[in-house]
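If you read the protein sequences in the order shown, they are chains U and B. According to this note's numbering, the residues represented by the first sequence are -8 to 140, in order. According to this note's numbering, the residues represented by the second sequence are -8 to 140, in order. Where a beta carbon is used, it is the ideal one built from N, C-alpha and C, also for glycine. Taking it in order: structure first as structure tokens, then the write-up.
Number of protein chains: 2
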Amino acid sequence: MRYVGSMSDPTEDQLAALGTAFETFARRYKLADALRSERPLAELDKAVLLYVAEHAGCGPTDVARFLAVPTTTLSSATDRLVKRGFLKRERIEADRRAVALTLSESGAIYAQAQVEAYRQMHMLMLSRLSPDERDQFIAMITKIVYNDS
Amino acid sequence: MRYVGSMSDPTEDQLAALGTAFETFARRYKLADALRSERPLAELDKAVLLYVAEHAGCGPTDVARFLAVPTTTLSSATDRLVKRGFLKRERIEADRRAVALTLSESGAIYAQAQVEAYRQMHMLMLSRLSPDERDQFIAMITKIVYNDS
DNA sequence: ACAAGATATGACGAAGTTCGGACTACTCAA
DNA sequence: TTGAGTAGTCCGAACTTCGTCATATCTTGT
């Protein structure tokens, strides 16, 4: 049984085109990311690093909630990051159960490199569009992402 | 030392906007995917299933190459899929070293459901744009993804 | 003031994944 | 026929995720 939409719904062709574009996009993205040197951090760890970069002093629970993973999983992640010297965990006195997460020097460098890599990729992507299209594209994807329905 | 681009390069604002949009996009995408019932297949396994759905009779090496993972990793994936009854592995006589991968009945159903879920998501995304914008958006993302530079 | 309950983390371990190295079986060219 | 190359799999080490349990600390109703 197939849903028959109104005239203003996206067409099947549009959906198909978008699907294949995304599929290809995701694969390339992964490939580009994979060619980093040394043992790359786990996906989760990178996400944690970037989050802490933007929210210095936050607690593990905050990060876990944001990334939608169990706190124990996040605990493992911070463990790894601390062990590699990318993250600092410090008890705070306002609430001595809690810890405040901050990036170490090298953690900040790593995060910065990561951000830069993304920037490069975005640059490459946008550079394939004309200047006019760039604004349009960004406006559209923003509309898609943020317009909760 | 920062690279100073030409006037027609994407602006920092554009890059930043695109970055945050993607970040949010990726997170939502993951969440939506996570709400499937029963033990969900590993990410790799799903990718394998979808690939085989489109390339019935292909061999493990084909899939491994396409997904850019070692053949041993792909072997594990097919093992799991066969064990769950989603995939069939059959020796072919043209080359008796090779095996041909095909979806089982339930594998096809699963793949179909997966495709449908993506379709839904793409539908939701496109529905936030006006009909005119949809074509424009697809044209742009296609240009971005396929125009190798 | 304090017992009871909520919170923030960490320790531990089971279950599951990735992937290098070794191995089997088969094909092919000389 | 033999040696090199190819398709796949098996095994095991290293890692991740995440549930369960244990530890400190807050917080509060009384």
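Proximity of residue i and residue j at Cβ, strictly below 7 Å
| i | j | result |
| --- | --- | --- |
| ALA59/B | LEU35/B | no |
| ALA44/U | LEU92/U | no |
| HIS113/U | GLY10/B | yes |
| LEU115/U | ARG125/U | no |
Integer-rounded CB distance, given that residue j should sit under 8 Å from residue i
| i | j | result |
| --- | --- | --- |
| VAL54/B | LEU41/B | About 10 Å separates the two Cβ atoms, so there is no contact after all. |
| LEU120/U | LYS79/B | Contact flag wrong, Cβ pair sits at about 44 Å. |
| THR52/B | THR63/B | Not confirmed; about 11 Å, so no contact. |
| SER(-1)/B | PRO122/U | 6 Å |
| ALA12/U | VAL136/B | 5 Å |
| GLN5/U | ILE129/B | 6 Å |
| VAL90/U | GLY50/U | 6 Å |
| GLN127/B | GLN127/U | 7 Å |
The beta strand (DSSP E) enclosing residue i, as first and last residue numbers
| i | result |
| --- | --- |
| ALA91/B | 90 to 94 |
Beta-ladder partner(s) of residue i, from DSSP
| i | result |
| --- | --- |
| ARG80/U | LEU92/U |
First through last residue of the alpha helix (DSSP H) which encompasses residue i
| i | result |
| --- | --- |
| LEU40/B | 34 to 45 |
| THR62/B | 62 to 74 |
| ALA130/U | 122 to 137 |
| THR2/U | Note, THR2/U: premise wrong, no alpha helix (DSSP H); not H, not E. |
| ARG56/B | 51 to 58 |
Distance cut-off 6 Å: residue i Cβ against heavy atoms of the ligand SAH
| i | result |
| --- | --- |
| LEU65/B | The ligand content of the structure shown is nil, which means the ligand SAH is not present either. |
With a cut-off of 8 Å, do at least 3 Cβ pairs link the stretch 10 to 18 of chain U to the stretch 72 to 89 of chain U? no
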